[in-house]
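Position 93, counted from 1, in the sequence shown is what my numbering calls 1038; the numbers after and before it change by one each time, with no gaps.
Beta carbons are placed, not taken as given, at the ideal position from N, Cα and C, and that holds for glycine.
Down below is the structure, laid out as structure tokens.
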Amino acid sequence: MQIAGKVVVVTGGGNGIGQALCEAFAKAGAAKVVVADLDQARADAVAQSIGGAAFKCDVANESDIQHVIEETERQFGPIDLFCSNAGIGGGFDPLSENAGGSSDEPFMKSWMIHVMAHVYAARHLIPRYKARGGGYFLNTISAAGLLSQVGSPAYSATKHGAVGFAENLAISHKADNIRVSILCPQGVDTNMLRGLPKGPQSADGNLSPEQVAQDALKGIEQETFLILPHPQVLDYMRKKTDNYGRWIGGMAKIQAKLRESFGGKAH
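As structure tokens, then:
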């Protein structure tokens, strides 16, 4: 799909990858870029800088996503591309003695933002897309959804869930001319990553949000399902499926080294 002349919505568009996506889409000639973000001031600032529009949106609330969709289409016309980009990075604890030992809160919060936000977008856009002969979803996920995230079971589990939903979305609606891409980078130089201790997510280098956005734009133009700004992730996926037990052992070694670097015992 070519972006020129299209109406695009980006959640989490006020900073990081989301902001870079908004800027890239505007530069590529989108008819209107809608910046949706929990931080209204940031959404307004990005929208003003690119000639777009802004909405406050908590993607964990279905009504907020529904409102963004309805108001965008009322004001600017049919949405061609919806980017479910918002995410959180909480729950990182390499010293945890129990992967399931935390409270429900980090798991449920991650589930709502990393999975249900994508479901809500599909719930309200699929009927519209089908009625007009097609549409596009770009879901920002993470290489953690393909591999894992050492030290963060909630992040890892919900990003895997996001990949599973996107796969099913693509399979279920291919015949409806509804296309899906998933954006799965490793380390990206954003506020989210800067808030985490150095770990395996940065082993292959941290890309700029602008580079990731350009990779996303190219993937959308080619209608590629799996967009990998860090191409080596594909090799890691192959090694994982080639010998799952060996891959688990290798990841366990990374976990042990990470624990040691934080002053914990390797076990």
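Checklist entry - In the structure shown, what three-state DSSP assignment does His1212 receive? => result With a pLDDT of only 44 at His1212, under 50, the local geometry of the prediction cannot be trusted, and no value is derived from it.
Checklist entry - Between Ile948 and the rest of its own chain, which residues show a CB-CB distance below 6 Å, the 5 nearest in sequence each way excluded? => result Excluding sequence positions up to five before and after Ile948, its CB lies within less than 6 Å of the CB of Phe970, Ala973 and Ala975, all in the same chain and listed in chain order.
Item to check | Spatial distance of Ala1211 from Lys1202 (CA atoms) | outcome: Residue placement at Ala1211 cannot be trusted, given a pLDDT of 44 that sits under 50; what the coordinates show is reported in the next sentence. Ala1211 and Lys1202 have their C-alpha atoms roughly 7 Å apart.
Checklist entry - When DSSP builds the beta bridges, which residues end up paired with Phe1110? => result Answer is none; Phe1110 lacks a bridge partner.
Item to check | N- and C-terminal bounds of the beta strand (DSSP E) containing Cys967 | outcome: Run containing Cys967: none in the beta strand (DSSP E); it sits in the alpha helix (DSSP H), Gly961 to Lys972.
Checklist entry - CA-CA distance, Ile1058 and Asp1187? => result Each residue's Cα considered, the two are about 31 Å apart.
Next on the checklist: Assuming the contact rule is C-beta atoms closer than 8 Å, Val954 and Cys1028 should be a hit. Round their C-beta distance to whole Å, please.
Outcome noted: With a contact defined as Cβ atoms closer than 8 Å, Val954 and Cys1028 qualify at about 6 Å.
Next on the checklist: Cutting at 8 Å between CB atoms, please list the residues of its own chain near Thr1135, excluding the five before and the five after it.
Outcome noted: Result list for Thr1135: Asn960, Gly961, Ile962 and Pro1154, in chain order.
Item to check | Beta-carbon separation (whole angstroms), Ala1099 vs Pro1051, contact threshold 8 Å | outcome: Confirmed, about 4 Å.
Next on the checklist: Starting from Ile1058, trace the alpha helix (DSSP H) in both directions and tell me its first and last residue.
Outcome noted: For Ile1058, there is no enclosing alpha helix (DSSP H), since its DSSP letter is neither H nor E.
Checklist entry - CB-CB under 6 Å to Tyr1074, same chain, minus the five flanking residues each way: which ones, in chain order? => result Counting only Cβ-Cβ distances below 6 Å, and skipping sequence neighbours, we find Gly1080 and Ile1123.
Item to check | Which listed residue (Asp982, Gly1109, Ala990 and Asp989) has its alpha carbon closest to that of Ala1005 | outcome: Nearest option by C-alpha distance: Asp982.
Item to check | 7 Å CB neighbourhood of Leu1179 in its chain, flanking five on each side removed | outcome: Excluding sequence neighbours, Leu1179 sits near Leu1173.
Item to check | Span of the beta strand (DSSP E) around Arg1124 | outcome: Element bounds for Arg1124: Ile1123 to Leu1128.
Item to check | C-beta contact flag for Ile1086 and Leu1128 at 8 Å | outcome: For Ile1086 and Leu1128, yes; Cβs fall inside 8 Å.
Item to check | Rounded straight-line distance, which links the Cα of Ile1199 to that of Val1063 | outcome: Position check: residue 1063 holds His in this sequence, whereas Val was assumed. Each residue's Cα considered, the two are about 31 Å apart.
Checklist entry - Quick one: is Tyr1065 buried, meaning 16 or more other Cβ sit within 10 Å of its Cβ, or exposed? => result With 16 or more Cβ atoms within 10 Å of its Cβ, Tyr1065 is classed as buried.
Checklist entry - How close, in whole Å, do the beta carbons of Ile1071 and His1105 come, if the pair is a contact with beta carbons under 8 Å? => result Their Cβ separation, rounded to whole angstroms, is 22 Å, which puts Ile1071 and His1105 out of contact at 8 Å.
Checklist entry - Since Ala981 sits in a beta bridge, which residues does DSSP pair it with? => result Thr956 and Phe1000, per the DSSP bridge assignment.
Next on the checklist: Assuming Ser1206 is part of the alpha helix (DSSP H), what are its boundary residues?
Outcome noted: Boundaries of the alpha helix (DSSP H) around Ser1206: Tyr1189 to Ser1206.
Checklist entry - So what does DSSP say about Gly1215, is it helix, strand or coil? => result Lying outside 946 to 1212, the shown extent of the chain, residue 1215 is not represented and no answer is given.
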